[in-house]
Structure formats: structure tokens, C-alpha cells
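In this note's numbering, the protein residues as written are 936 to 1149.
Glycine included, C-beta positions come from ideal geometry on N, C-alpha and C.
Values in this document were obtained by computation on a predicted structure and should not be read as measured data.
Here's the structure we're looking at; comments come further down.
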């Protein structure tokens, strides 16, 4: 990077350490890899995590065997303010390999670079308060509408519950005394016809006729 101050992370194969170079090949910070039980030239694939947090202005380096989880504690933590170092200039991210007078094969299996956007509340430049208020107004109106809707639904539910309880109490205490004509059971009646034999005494009949003639 011509006319710019570079930041390098190097690994010494002979010394088995990693270092941070700021603007020169002299390491500003060095950490021994053997402290975490690793060996750079041991023939095992390694994976490194290089994180920079703008809020804390710290550069953290983690190292572990490939396929293992990300270590919680960093191998190295170096304080540095990259915003003062580079300003608003564009920067390049890349890899290089150097083995001095000897030959050494360095294999890079994969890599990824991720940058997070800075929230407006953490911006270093002064912000226009009017634009911030305009962003918050739709959210406040939406929250107010949801609050009113929740109150209406709650009041409707309470009113329905009170009406149901009142109707239930009225049926229990007043519904028993209502004048209701009981229904009389209607039983079917069977009609039968019987033959009656009548015997008339002739003497009694003659006496009746005589008395009526007199």
C-alpha cells in the first residue's frame, strides 16, 4: 500500500509466534502460539479469527485447529485506533507469504471478510436531530395505534364478560319464579261397548197400567 501505513499480522515459522506489524516489519506485539498448545509448522491445518471492534478500538487474534470452535479468549489483544491511522481512505485486505532465503509452501484453504455497518447512534459525526425525529415519528404513531386497539379489544372483552355474568345471575335468581303453566299429562282412554240384558216383570207392568188408567 504505497503512501499508506500498513497493518500486518505475521507468523514466524521458526519462532512459532504471531505478531502485529504497524507501519514496519518490526512487530509491535508478539504472542507465543505454544501457549494455546499449537504449532505453526506442525503440518496441521489452522484457522484464525482476526476481529476489530471500533467501539473498544482493539484488535483481537484467535487461533485454533481447523474444524474446532472459535476460542473464547483471544491469543492476542492489541489496542489500536484504525480510524486515526487510515482516516477516510480506502484500505485493501489481502494475504502474502514470505519465507526468506528458504523455500516454504503456504496453503490458504479459505477465507472470508465481514464488515458491520455502524449504527446512526454510534456515528462519530454530528447528526441532524430533525432527521432523527422524522425517523421516530412513524414508529410512535404505529405504537399509539396498537395501544388504542389493545384497549378497545380489552374493553370489549370485559363488557362481554360482565353481560354474560349478569345474564347468568338473572337466570339463577329470577328465572325460577316465573309463572309457567305446567303441562298436564294426557293419557289415552279406552272405550268399551257392553251388552246389557233387561228383564221386565209382567205383573209389575200391569199394575202400572192400571194405576195410570184410574
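Residues near residue i in its chain [Cβ-Cβ closer than 6 Å; skip 5 each side]
i: residue 1015; result: 994
i: residue 1038; result: none
Straight-line gap, residue i to residue j (C-alpha atoms, nearest Å)
i: residue 1022; j: residue 958; result: 15 Å
i: residue 974; j: residue 967; result: 10 Å
i: residue 971; j: residue 989; result: 26 Å
i: residue 1026; j: residue 1020; result: 11 Å
i: residue 1091; j: residue 1109; result: 27 Å
i: residue 1094; j: residue 1102; result: 12 Å
i: residue 1097; j: residue 1087; result: 15 Å
i: residue 1079; j: residue 1085; result: 10 Å
i: residue 1089; j: residue 1100; result: 17 Å
i: residue 1048; j: residue 1081; result: 41 Å
i: residue 954; j: residue 962; result: 5 Å
Bridge partner(s) assigned by DSSP for residue i
i: residue 995; result: 986, 1012
i: residue 981; result: 1000
i: residue 964; result: 955
Beta-carbon spacing of residue i, residue j below 8 Å
i: residue 1010; j: residue 996; result: yes
i: residue 1007; j: residue 964; result: no
Short CB-CB distance (under 8 Å) between residue i and chain D
i: residue 988; result: Of the chains in the structure shown, none is chain D; there is only one protein chain.
Nonlocal neighbours in the same chain, by C-beta distance under 7 Å from residue i, ignoring five residues either side
i: residue 952; result: 965, 966, 967, 968
Own chain residues within Cβ distance below 8 Å of residue i, not counting five before or after
i: residue 1030; result: 1043, 1046
contact_flag[the segment 993-1006, the segment 972-982] where n(CB pairs < 8 Å) is 3 or more: Contact annotation: the segment 993-1006 touches the segment 972-982, with at least three C-beta pairs closer than 8 Å.
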